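Numbering (my numbering), first residue to last: 1 to 494.
Backbone N, C-alpha and C define an ideal beta-carbon position, used for all residues, glycine too.
Quick caveat: nothing in here was measured; it's all calculated off a predicted structure.
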Ligand SMILES: Nc1ncnc2c1ncn2[C@@H]1O[C@H](COP(=O)(O)OP(=O)(O)OP(=O)(O)O)[C@@H](O)[C@H]1O
Ligand SMILES: [Mg+2]
């Protein structure tokens, strides 16, 4: 036992351990003090893991291997388990003769004589245990040892909780600092949720390189916004960022758009034309809806990526271009490779860096911030004095599942701002309750339901057929065919 007054010893110990904020140093300090004071031969500290699982793990040990610790623990009748199960200290003067441990292999095997083990309790919650033993002889620890260890364990548990809390606050602080700096670098990209912070980190880290980036994500999740941020935070920012929507052009048109053509190369080619690759020289070309590009053009894109060379349609001369390529896909492009619609070699070339945009429903924490951002934008645009949303409106926005993601949120808020007559936008101005098929459409002919779904989705996407097809998970061709059947022609599309 401590030679000085035990209470004085305890006080000085408590001061010592409370000054340590780093958890691993703290565990070592606690172990050393306990071992020294009780003159123990071996020892370890077990703590409940922070992962939330009800598991205990050894955080520090003296003169005892990891394997031995687990063999001491695994036997249900052993000391440690008694402590962990009952939350009470255990003292044994001679383990070999102690009835409580009869049959406990660990004791016999390792010839343990004296054992003391105390729970680490924090407000009656068991957070771990301190174990010490002696193989040299019986009667090494006594009741006094247990009393000391119990008082000490109480102090230690508080110090451990504080140090863990301190570390948690420190890392949270770090995360917030990091996030503030990211939001300053990219003020146009709103969001503080973990998925968006991860994306901002990626954008910051890869913007400076010339690596290709493939941005995947549902409609309206901010793919183009991220592509622009990549360009405008790169050394290419003084040159052009050119977006091209690959999904809406026919093969021939897309080819001549991308690569240019020679006068007379085909009917209608009345002049020489510089393609977008040449226009975007030393800048960035954003290939939107890359999954819709056909095989012929895929081959030509591969050539640009491999050789940095293009040929205008109808020409044999080779031109060199230096263009960074960022592409975007609404569907899983790898899936398209699997089904044979997309060249695997091109996929790898385009996908050096992959960014997956999370749907809004997976980062609902960002909804109030985004809503506020759009509110200010549209209030300014429409010269309206609107200060915010009613609680009910905000709740509605947070609970909705946003199939059209941020674009749908943006459109809904624009509409509400235009219609608002009060300073706070009420829930009633959001038209988010779509008729549920089971109540409104049950019993109706399937064809009618199909037509309803298609027309409603067209409305939602602002008449964009590619997006409508994607949302309904049908091919664009199938959609065109249906619309044609109903006499809704191509020319009506925006
Ligand atoms: N994090 C964000 N902060 C602020 N505005 C955003 C954010 N993400 C998206 N937006 C806005 O939402 C709208 C849709 O974004 P964007 O056009 O980049 O999406 P997209 O993924 O390219 O959509 P689509 O697949 O339909 O082409 C844009 O007006 C964009 O400015
Ligand atoms: Mg887009």
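Output the distance between the C-alpha atoms of residue 239 and residue 321, rounded to the nearest integer angstrom. Going from the Cα of residue 239 to the Cα of residue 321 covers about 13 Å.
Alpha-carbon spacing of residue 472 relative to residue 466, whole angstroms: Each residue's Cα considered, the two are about 10 Å apart.
Look at the alpha carbon of residue 186 and the alpha carbon of residue 347, and state the distance between them as a whole number of angstroms. Approximately 28 Å, taken between the alpha carbons.
If I measure Cβ to Cβ from residue 166 and keep anything under 6 Å in the same chain, skipping five residues before and after, which residues do I get? Cβ contact annotation for residue 166 (same chain, cutoff 6 Å, sequence separation greater than five): 21, in chain order.
Between the Cα of residue 409 and the Cα atoms of 443, 444, 180 and 366, which residue gives the shortest distance? Comparing Cα-Cα distances from residue 409 to each of 443, 444, 180 and 366, the minimum goes to 366.
Report the CB separation of residue 314 from residue 265 in whole angstroms; it is logged as a contact under 8 Å. Their Cβ separation, rounded to whole angstroms, is 3 Å, which keeps residue 314 and residue 265 in contact under 8 Å.
In the DSSP output, what is residue 46 paired with across the bridge? Note: residue 46 is bridge-paired with 58 and 129 in the DSSP secondary-structure output.
Kindly indicate the opening and closing residues of the beta strand (DSSP E) around residue 287. Start and end: 284 to 288.
Extent of the continuous beta strand (DSSP E) to which residue 356 belongs: Judged by DSSP secondary structure, residue 356 falls within the beta strand (DSSP E) whose first and last residues are 353 to 356.
Determine contact between the segment 232 to 248 and the segment 331 to 346, defined as no fewer than three beta-carbon pairs at a distance below 8 Å. Because the criterion of three Cβ pairs below 8 Å is not met, the segment 232 to 248 and the segment 331 to 346 do not touch.
What's the C-alpha gap between residue 337 and residue 243? If you draw a straight line from the Cα of residue 337 to the Cα of residue 243, it comes to about 23 Å.
Secondary structure of residue 445, DSSP reduced to three states: Judged by DSSP in its simplified three-state form, residue 445 adopts coil rather than helix or strand.
So is residue 332 buried or exposed if we call it buried at 16+ other beta carbons inside 10 Å? Looking at its Cβ environment, which holds fewer than 16 other Cβ atoms inside 10 Å, residue 332 is exposed.
Have a look at residue 470 and residue 27 and give me their C-alpha separation to the nearest angstrom. Approximately 55 Å between the Cα atoms of the pair.
Inter-stretch contact (C-beta, 8 Å, three-pair minimum) for the segment 29 to 42 and the segment 141 to 161: Yes: the two stretches touch, three or more of their Cβ pairs being nearer than 8 Å.
Could you check which residue in 450, 70 and 129 has the C-alpha nearest to that of residue 90? Ranking 450, 70 and 129 by Cα distance to residue 90 puts 129 first.
Report whether the distance from the Cβ of residue 193 to the nearest heavy atom of ligand 1 is below 7 Å. If you check the C-beta of residue 193 against ligand 1, you find no heavy atom less than 7 Å away.
Range of the contiguous beta strand (DSSP E) that encloses residue 216: It spans 213 to 216 - the beta strand (DSSP E) in which residue 216 sits, taken as one unbroken run.
Residue 267 burial status per 10 Å Cβ neighbour count (16 or more: buried): That one is exposed.
Looking at residue 349: is its Cβ nearer than 8 Å to the Cβ of residue 212? With contacts defined by Cβ atoms closer than 8 Å, residue 349 and residue 212 form a contacting pair.
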